[in-house]
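Chemist:
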Amino acid sequence: MQPLLGLALLALLLLASPAPALCRHRAPAAAAATETLDVEASLSRARAAVSTDALPLHQSLAATDTDTNVLVKDEPSGGPSGRLALRLHSRDFLPEEQGRHESYRSLVLARLRRDSARAAALSARASLAADGVSRADLRPANATPVFEASAAEIQGPVVSGVGQGSGEYFSRVGVGRPARQLYMVLDTGSDVTWLQCQPCADCYAQSDPVYDPSVSASYAAVGCDSPRCRDLDAAACRNSTGSCLYEVAYGDGSYTVGDFATETLTLGDSAPVSNVAIGCGHDNEGLFVGAAGLLALGGGPLSFPSQISATSFSYCLVDRDSPSSSTLQFGDAEQPAVTAPLLRSPRTNTFYYVGLSGISVGGQALSIPSSAFAMDDAGSGGVIVDSGTAVTRLQSGAYAALREAFVQGTQSLPRASGISLFDTCYDLAGRQSVQVPAVALRFEGGGELKLPAKNYLIPVDGAGTYCLAFAGTSGAVSIIGNVQQQGVRVSFDTAKNTVGFTTDKC
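FYI, in mature numbering (1 follows the signal peptide of the UniProt record, and there is no 0) the residues of the sequence shown are -23 to -1, 1 to 483.
#1: Quick check: what's the CA-CA separation for Ser137 versus Ala101?
#2: May I ask you to list the residues that DSSP assigns as paired with His66?
#3: Can you list, in chain order, the residues of its chain with a C-beta nearer than 8 Å to that of Ser373? Leave out the 5 residues immediately preceding and following it.
#4: Return the first residue and the last residue of the alpha helix (DSSP H) that Tyr374 is part of.
#5: Could you pull out every residue in the same chain whose Cβ sits closer than 6 Å to the Cβ of Thr475, ignoring the five residues on either side in sequence?
#6: Check the DSSP bridge columns for Glu240 and list the partner residues they point to.
#7: Report yes if the CB atom of Leu63 is closer than 9 Å to the CB atom of Val199, and no otherwise.
#8: Would you kindly report the start and end of the unbroken beta strand (DSSP E) that includes Asp15?
#9: By the three-class DSSP mapping on this structure, what secondary structure does Ser21 have?
#10: For Gln462, which residues of its own chain have a beta-carbon under 6 Å away from its beta-carbon, when the five flanking residues on both sides are left out?
#11: Quick check: Leu272 and Ser184, are their CB atoms within less than 9 Å of each other?
#12: If contacts are defined as beta-carbon pairs under 8 Å, then Thr165 and Tyr329 qualify, I think. What distance do you get, rounded to the angstrom?
#13: Can you round the beta-carbon distance between residue 487 and Val338 to whole angstroms, since I take them to be within the 8 Å contact cut?
#14: Can you tell me which of Thr304, Arg466, Val362 and Gly308 puts its alpha carbon nearest to the alpha carbon of Ile285?
#15: Opposite Lys427 in the DSSP bridges: which residues?
#16: To the nearest angstrom, how far is it from the Cα of Gly340 to the Cα of Leu242?
#17: Compute the beta-carbon to beta-carbon distance between Ala211 and Ala226, rounded to the nearest angstrom, for a pair I have assumed lies under 8 Å.
#18: Would you mind stating whether residue 562 and Ser289 have Cβ atoms separated by less than 9 Å?
#19: If distances are taken between C-alpha atoms only, which option among Asp236, Ser104, Gly276 and Ser301 comes closest to Asn261?
#20: Any idea what DSSP makes of Leu163, helix, strand or coil?
#21: With H, G and I counted as helix, E and B as strand and the rest as coil, what does DSSP make of Cys206?
#22: Does the stretch 430 to 450 come within contact of the stretch 16 to 24, defined as at least 3 CB pairs closer than 8 Å?
#23: When the Cα of Gly267 is compared with those of Arg297, Gln306 and Cys180, which residue comes out closest?
#24: At 3 residues or longer, what runs of the beta strand (DSSP E) sit wholly inside the stretch 316 to 349?
#25: Is the beta carbon of Leu398 closer than 9 Å to that of Val368?
#26: Nearest by alpha-carbon distance to Leu172: which of Pro429, Tyr188 and Ser389 is it?
#27: With a threshold of 7 Å on Cβ separation, who are the neighbours of Ser301 within its own chain once the five nearest residues in sequence on each side are excluded?
#28: What is the DSSP secondary structure of Pro278, counted as helix, strand or coil?
#29: For Gly219, collect the residues of the same chain with a Cβ closer than 7 Å to its Cβ; drop the 5 residues on either side in sequence, then sort them by chain order.
#30: How many angstroms separate the CA atom of Arg90 from the CA atom of Leu84?
#31: Can you give me the C-alpha to C-alpha distance between Leu371 and Pro176, rounded to a whole angstrom?
#32: Please report how far the alpha carbon of Tyr403 lies from the alpha carbon of Arg82, in whole angstroms.
#33: Under the DSSP definition of a beta bridge, which residues are partnered with Gln412?
#34: Excluding sequence positions up to five away, which residues of its chain have a Cβ less than 7 Å from the Cβ of Lys482?
#35: For His78, which of Ser104, Thr304, Leu105 and Val27 has the nearest alpha-carbon?
#36: Pick helix, strand or coil for Gln463, following the three-state DSSP scheme.
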């Protein structure tokens, strides 16, 4: 009996002892096959977005958290020391926009119309750049000359038509000395910062009074022989003063024309940044209704990050149906959870391309050829990360594979009719939550961004209709839009050539 008792005690001791260290290293868990969509919460936000009781946008976007508003040096040509930050808001909570839509469906349709124009213009600009066509060539063929280089006035072509998309996120930026607070759209697809200015030959409606440079002590014209004037894609010279005139034209005929100048900008509670080159637009058509202008975050030499010598910046985009704010930050940031290669086109330095290698649905990689996401030696194709486009565009074959896999994983959900560019929709009325296939973006180098369900299955009305928020494109360029970026801190590091993604870091 004693040998048996000894064996039993030995077995108990082995069971009670911790496993050897070698056994603790288990294989990583398989990627989750499904995500939970909180239907009740997202539908509540959607209804609140068009409610007459919706909270108005705060008139001051000064951050209250001192950790996100580190002061910077006021240097004429140097960059910020430390971090520079400001608050971001959805455009649908601008004073000019609130109350314009009777229903959430009407709001969604307006968003999708803007988005279609934005995506088409962005794709056209990238494709034309790959073909060697510059922005200076993007003028209507039947238009009168854009520049009337005289002291009297600046003339522009008369265009009507639809704007190329106004951008979807805004902030309050101080312009001049003393600073005038103005709503500015933030755009990673543009290089020239500009705003509407007095005297105004033709300006669209905006929420704030049109800026008057004559009341600013820091406004100064840029000379025609200045390197900054030469950096413009389209420029001319005032004969009487020798000052620089600028034009930014977009793919659909929309434009802004005016004086190119330097001015002081103040972001949030940070110290003012002086000597920033901006466009002072006296003739502006088809753009950015509600905002005073645009803060350019592209990769060109005249963009705001380039002018302040910021080699890194990041933003986190608040839910578009929320009146709350998120942040844009310049300078050092935390190490992102997921990194991917930052790629640049050989023909244009404006856009931020990312090395996307694939997509998974339900934990399974889709069968998509790598060429669907690749940029060739001429700069054609590739995948742009854009703050102004809402819905992610994929080449038609890649989108078809994504849609088919998603439909296969949602056979238990009742289908609904499509709306606008959305062709895969569901009737989720009366449900609190549903399980849907997980969707993840896979990047070169092995990084994977797992999207929350609310970033790809979104409400399109107040009755419970939800649609897959991806779309196909016949163009060569794919675009990762801001619906997929919501709630994700997206960072661009031009020194390390990386794009970073971190969820829940707003």
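Every residue, glycine too, gets a C-beta built ideally from N, C-alpha and C.
The structure displayed is predicted, hence computed values, not measured ones.
Modeler: Answer, in terms of the structure:
#1: Low confidence applies to Ser137: its pLDDT is 17, below 50, so where it sits in the model is not reliable, and the reading given next is rough at best. Cα to Cα, the separation comes out at about 19 Å.
#2: Phe147.
#3: Hits under 8 Å: Gly449, Thr450 and Ser451.
#4: It is Gly, not Tyr, that sits at residue 374 in the sequence shown. Looking at the DSSP string, the run of the alpha helix (DSSP H) that includes Gly374 is Ser373 to Gln385.
#5: So the list reads Thr316 and Leu319, once near-sequence residues are dropped.
#6: Bridge partners of Glu240: Val253.
#7: Their beta carbons are not under 9 Å apart, which means Leu63 does not touch Val199 by this criterion.
#8: That run of the beta strand (DSSP E) goes Thr11 to Asp15.
#9: Looking at Ser21 - three-state DSSP - the assignment turns out to be helix.
#10: So the qualifying residues of the chain are Leu294.
#11: Not a contact, by the Cβ cut-off of 9 Å.
#12: About 6 Å; that satisfies the 8 Å criterion.
#13: Nothing in the structure corresponds to residue 487, since the chain is present only between -23 and 483.
#14: Taking only the C-alpha atoms, the option nearest Ile285 is Gly308.
#15: BP columns for Lys427 point to Ala417.
#16: The C-alpha of Leu242 is placed about 46 Å away from the C-alpha of Gly340.
#17: That belief holds up - the Cβ atoms of Ala211 and Ala226 are roughly 7 Å apart, short of 8 Å.
#18: Nothing about residue 562 can be reported from this structure: the residues present for the chain run from -23 to 483 only.
#19: Selected option, being the one with the closest Cα: Asp236.
#20: Strand at Leu163.
#21: Helix.
#22: Segments in contact, yes.
#23: The shortest C-alpha separation from Gly267 is found at Cys180.
#24: Every beta strand (DSSP E) of 3 residues or more that sits fully in the stretch 316 to 349 is shown, in chain order, as 333 to 338.
#25: Cβ atoms of Val368 and Leu398: closer than 9 Å.
#26: The shortest Cα separation from Leu172 among Pro429, Tyr188 and Ser389 belongs to Tyr188.
#27: The beta carbon of Ser301 is closer than 7 Å to those of Val295 in its chain, skipping five residues each way along the sequence.
#28: Secondary structure of Pro278 (DSSP, three-state): coil.
#29: The answer, listed in chain order, is Gly200 and Cys201.
#30: The straight-line gap from Cα to Cα measures roughly 10 Å.
#31: Each residue's CA atom was taken as its position, placing Leu371 and Pro176 some 43 Å apart.
#32: C-alpha separation (whole angstroms): 15 Å.
#33: The partner list for Gln412 (beta bridge, DSSP) reads Thr13.
#34: By the criterion of a C-beta distance shorter than 7 Å, Lys482 is surrounded in its chain by Cys293 and Arg466, once the five residues flanking it on both sides are discounted.
#35: Considering only alpha carbons, the answer is Val27.
#36: Judged by DSSP in its simplified three-state form, Gln463 adopts strand.
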